[in-house]
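In my numbering, the protein residues as written are 393 to 745.
Structural data, given as structure tokens:
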């Protein structure tokens, strides 16, 4: 049998071939084939790389002046939603969150606001969402400063207890939108022409009374300031001759002032049929159904107005404003351009003065 002797030079050649083969296999594994990552040190497999969450696009705030008052209007990134333009609900500030209704899905959603962004607050309701029912379209929500929440529907008001609305009807004389005062001891109900006050003890009505007001053809908006004063907007005349004004009342229903011009050419004449009202520490803001925001000082001095394009950009239709904090109000509106399902995008804006 013939023996093959491996000389020192042959050994070096074979080692070189072996090393080249291993290097080629390593390159093929890293650059092609099944593209599996190389084992980590010690034989452990490396952790899978998680896909980065998409960054929420923040748009720059719109700024300007309403008369001599500077304002900024910041769209809340991450808060928009799609629905038919007629399927909005209401909104309010509840436990520091922005809660809004979507009548299409019959839900209320809680948003934690950290301007310029907002995200669903999963610590409220059920993962941030409160489901409604067949009476959702009448689902006006209101809350006192302690966080007690009420819902008015079908001429009755229900308290929110133990994670759901109680089945027991309270405030049985309520036949419109019910708003509870910050102290939780007084409630006010307004409808087309009525404005009633309720003294409350827990979930019971102790007394009720009708309040005198000048809005002969209907109240369209109302809010309560932290000091308990009522701010009410409505029409003092007829449908054919609109004379929209706003009024401030004491907590016990005494009229303290009536503002707004009856001259249709005056800058403080409220042109829209329906109006929404909100207050800060210094100002009273009203947005009419034509999209303009009117601003008064708390002393009744008219500051000026701004068109919706200046506040929200082109193509937006405003819906509602509510109290937010001492310097700001919250507004929401929708972009008039709809998608293939005839849905529009609803957006929220924090307007600061």
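Even glycine gets a Cβ: it sits at the ideal position worked out from N, Cα and C. Quick caveat: nothing in here was measured; it's all calculated off a predicted structure.
| Check | Outcome |
| --- | --- |
| Own chain residues within Cβ distance below 8 Å of residue 540, not counting five before or after | 551, 552, 572 and 576 |
| Rounded separation between residue 634 and residue 732 - CA only | 37 Å |
| Counted within 10 angstroms of its Cβ, other Cβ atoms place residue 535 as buried (16 or more) or exposed | buried |
| Span separating the alpha-carbon of residue 640 from that of residue 630 | 21 Å |
| When 594, 612 and 493 are compared against residue 472, the one with the closest alpha-carbon | 493 |
| Rounded C-alpha distance that separates residue 662 from residue 613 | 13 Å |
| Residue 500 versus residue 489: straight-line alpha-carbon distance, rounded | 12 Å |
| Candidates 468, 458 and 461, of which the one nearest residue 450 by Cα | 468 |
| Given 8 Å, three or more beta-carbon pairs between the stretch 692 to 700 and the stretch 663 to 670 | no |
| Classification of residue 712 by the beta-carbon crowding that lies within 10 angstroms, buried from 16 upward | buried |
| Where the beta strand (DSSP E) through residue 475 begins and ends | 473 to 475 |
| Residue 694, DSSP secondary structure in three states | strand |
| Reference residue 621; option with closest CA among 603, 610 and 645 | 645 |
| Span of the beta strand (DSSP E) around residue 511 | 509 to 512 |
| Sequence-distant residues of the same chain with beta carbon closer than 8 Å to residue 461, five excluded per side | 675, 687, 695, 696 and 745 |
| Terminal residues of the beta strand (DSSP E) in which residue 522 lies | 521 to 523 |
| Spatial distance of residue 596 from residue 588 (CA atoms) | 15 Å |
| Distance between beta carbons of residue 707 and residue 728, contact taken as under 8 Å | 5 Å |
| Selection from 484, 549, 523 and 624 that minimises the alpha carbon distance to residue 647 | 624 |
| Cutoff 7 Å; reference residue 715; Cβ partners in own chain excluding five residues on either side | 485, 615, 670, 671 and 721 |
| Backbone secondary structure at residue 701 - three-state DSSP | helix |
| Beta strand (DSSP E) runs wholly inside the stretch 601 to 650, at least 3 long, in chain order | 611 to 616, 622 to 627 and 636 to 641 |
| Straight-line gap, residue 607 to residue 505 (C-alpha atoms, nearest Å) | 35 Å |
| Residue 610 versus 636, 599 and 601, residue with shortest Cα-Cα distance | 636 |
| Contact check, residue 509 vs residue 448, beta carbons under 8 Å | yes |
| Spatial neighbours of residue 556 in its chain, beta-carbon cut-off 6 Å, leaving aside the 5 residues before and after | none |
| Where residue 570 sits in the DSSP three-state scheme | strand |
| Close-in-space but distant-in-sequence residues of the same chain around residue 618 (CB under 7 Å, 5 per side omitted) | 574 |
| Option in 723, 683 and 638 with minimal Cα separation from residue 692 | 638 |
| Which of helix, strand or coil DSSP assigns to residue 528 | helix |
| For residue 715: DSSP bridge partner residues | 721 |
| Residue 581 versus 681, 463, 542 and 703, residue with shortest Cα-Cα distance | 542 |
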